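> Can you keep this structure in mind? I'll have questions shortly.
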Amino acid sequence: MAMGTVPHEEINALRAMDGYEQMLEIDRLTRVYQTDEATIRSALSSGPGLNAPPSTPAPEWNPSQKTSPLPPPAAPSHVGPTMVNREQFRYEYDPSREAAQRREQINQAILCSACGVALGIPDVRPIKVTCPACLFEATYTE
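Taking numbering that gives the first Met the number 0, I'd label the letters of the sequence shown as residues 0 to 141.
And the structure:
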C-alpha cells in the first residue's frame, strides 16, 4: 500500500485539537491519505509549522512536605444561589415513577456556582446541593 503524505495544513489543524476530537481526525486522515496513525503522530510531534506554545513544567513535588500540592478545597458557599427560570429546562429525562415524584418537588432552578450547570431544587432552606456534573458542594441559606 502506498503511503500518502499528509499536508502541513492538516497537521497544523490537528495540533489545534485535543482528546477525542483529535483521535477522530487522526482516524479520518489515515483513511484519506492512506497512512498509519504512527506516521501522523510523528508528524504531529515534529516537523515544519510546529508552533506549539512552550509548556511550563509542573512544580516539583517533595514527599517530605506536610501540605498537599493541590489547592485547598472550596469553602461552603453561604451566598444565595443564582436563580434562573425553571420553565426553560427539561427535567423529564428519567421516565420512572420515582423521578416523576422528585420532579414534583422541584420549585426552583439554580446554576452551579462552579460549572454553571442548571440544577432543579426544592425551595427548602438551608439546603446542601451537590452538583452531579462537577461534584461541587454548596450550602445555601437564602
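Even glycine gets a Cβ: it sits at the ideal position worked out from N, Cα and C.
Model, not experiment: these values are computed from the prediction.
Is residue 121 closer than 8 angstroms to residue 104 when the C-beta atoms are compared?
Against a cut-off of 8 angstroms, the Cβ pair of residue 121 and residue 104 comes out as a contact.
> Can you tell me whether residue 31 is buried or exposed, with buried defined as 16 or more other CB within 10 angstroms of its CB?
The residue in question, residue 31, is exposed, as its Cβ has fewer than 16 Cβ neighbours within 10 Å.
> Less than 7 angstroms between the CB of residue 16 and some heavy atom of the ligand NAP, yes or no?
Annotation note on the ligand NAP: not contained in the displayed structure, which lists no ligands.
> So the alpha helix (DSSP H) residue 142 belongs to, where does it begin and stop?
Past the boundaries of the shown model lies residue 142; the chain is included only from 0 to 141, so the question cannot be answered.
> Counting C-beta neighbours from all protein chains within 10 Å, is the total for residue 132 16 or more, i.e. buried, or is it exposed?
Flag for residue 132 reads exposed.
> I need the boundaries of the beta strand (DSSP E) containing residue 82, first residue and last residue.
Note, residue 82: beta strand (DSSP E), 81–83.
> Tell me, which residues are paired with residue 107 by DSSP?
120, per the DSSP bridge assignment.
> What's the gap between the Cα of residue 26 and the Cα of residue 137?
Whole-angstrom Cα-Cα distance: 42 angstroms.
> Could you check what DSSP says for residue 149 in three-state terms: helix, strand or coil?
Residue 149 cannot be examined here, being either before or after the span of the chain that is shown, 0 to 141.
> Could you tell me which of 128, 87, 119 and 114 sits nearest to residue 98, measuring between CA atoms?
Per the Cα distances, 119.
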